[in-house]
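Structure, as structure tokens:
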Amino acid sequence: MTASAGGAPAKPVGDGELVAAYEDGRTAEDRQVQDFLGGNQVLEDVARYASARIALPQDVPLTGASCGEPNAFWSEQDRSMTFCYELVEQIRPLFLEQQTEGTAEQREALADEDVVGMANGVILHELGHALVDLYDLPVTGKEEDAVDQLSVLLLTAGDEEHTAYAVSTVNALSGLARAELAGQLPAEAYADEHSLDAQRFYNQVCWLFGSDPGTFASVVQVPENPDGVLPVDRAQGCEAEYDQLNSSWSTLLQPYLKIG
Ligand SMILES: [Zn+2]
């Protein structure tokens, strides 16, 4: 607490960081997710990661909460970010389905790792919306695509752990797209204007590959690797696409970047 001298108008609050908090979940399932995220300091870690890289004009709450739907969103009105516990409940079973090897315990542990990675990817996407709004950034093209780019960029520019988070985020999109195709998701399954269409998945796979073609060579579909998900025609342009989006975002965020 600071004593205010003579009722001067409050300065912008805080140091321009994300501030993690957890509301109590409204259902037993939500409280389980709250305990998982809180116990592993998931929101705290992503807040620290983002705040070490980008300055916000004011502190921004990043709150885990029960929302009544699987979602994550930036609120222009409240200038706050919300990560809904229901999103974990929706996506964790999709991660479990993707784990076909190992004991049940091992598969649960891997699904938990993917949940942490997906939470990072989703929250950094929402951070993109926050930055566009708070700094009035001139984004050309679809804002949804642009903030997906930022999320991939921030994760692939970090360490191996964060690159793995980007992979988990792509796996979440893959699982959601598959479930949607199979008619297992209601139309409003992932609100906030995020399409689950294959294009979003292919874009993120492409940028991931473009960030490090050596490491991610296995995503490209070639005769020797028929299980690759990225058509070779698309793969050829991914390194250039990544360089392009890296340069666009670096220019946009230049005044606010804390590291080069
Ligand atoms: Zn969005």
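Quick note: the sequence shown uses the working numbering, first residue 262, plus one each step. By construction, the Cβ of each residue, glycine as well, lies at the ideal position given by its N, Cα and C atoms.
Check: residue i C-beta below 6 Å from any heavy atom of ligand 1
i: Glu405; result: yes
Closest residue to residue i among the options (Cα-Cα distance)
i: Thr424; options: Ala407, Ile384, Thr476 and Val400; result: Thr476
i: Ala433; options: Glu358, Gln515 and Leu513; result: Glu358
i: Gly471; options: Val493, Tyr503, Thr288 and Asn381; result: Tyr503
i: Glu421; options: Asp285, Gln515 and Gly378; result: Gly378
i: Gly286; options: Ala326, Glu374 and Tyr396; result: Ala326
i: Val335; options: Arg292, Val303 and Glu404; result: As written in the sequence, residue 335 is Trp, which differs from the Val given in the question. The shortest Cα separation from Trp335 among Arg292, Val303 and Glu404 belongs to Glu404.
i: Ala418; options: Glu441, Phe297 and Tyr310; result: Tyr310
According to DSSP, residues forming a beta bridge with residue i
i: Asn492; result: The residue you asked about is not Asn; residue 492 is Pro in the sequence shown. Note: Pro492 sits in a beta bridge opposite Gln482.
i: Met379; result: Answer is none; Met379 lacks a bridge partner.
i: Gly325; result: Tyr283 and Phe344
i: Phe334; result: Thr343
Residue i versus residue j - alpha carbon distance
i: Val490; j: Gln482; result: 6 Å
i: Ala478; j: Glu485; result: 11 Å
i: Ala308; j: Val480; result: 30 Å
i: Gly299; j: Tyr283; result: 7 Å
i: Ser312; j: Asp306; result: 10 Å
i: Gln465; j: Asp409; result: 8 Å
i: Leu323; j: Ser429; result: 21 Å
i: Leu414; j: Gln505; result: 11 Å
i: Asn381; j: Ala289; result: 23 Å
i: Asp406; j: His390; result: 11 Å
i: Cys328; j: Gln295; result: 12 Å
i: Cys499; j: Leu437; result: 23 Å
i: Gln319; j: Gly275; result: 6 Å
i: Val280; j: Asp494; result: 42 Å
i: Glu229; j: Thr512; result: A question about residue 229 goes unanswered here, because the residues of the chain that appear run from 262 up to 521.
Cβ shell of residue i (< 8 Å), same chain only, five flanking positions each side left out
i: Ala567; result: Since the displayed the chain opens at 262 and closes at 521, residue 567 lies outside it and no answer follows.
i: Leu371; result: Phe356, Gln360 and Gly363
Nonlocal neighbours in the same chain, by C-beta distance under 7 Å from residue i, ignoring five residues either side
i: Ala316; result: Gly277, Tyr517 and Lys519
i: Pro492; result: Gln482
Same chain only: Cβ atoms within 6 Å of residue i, ignoring 5 sequence neighbours per side
i: Gln376; result: The question names Gln, but residue 376 in the sequence shown is Val. The residues are Val349 and Arg353.
i: Asp394; result: Glu337
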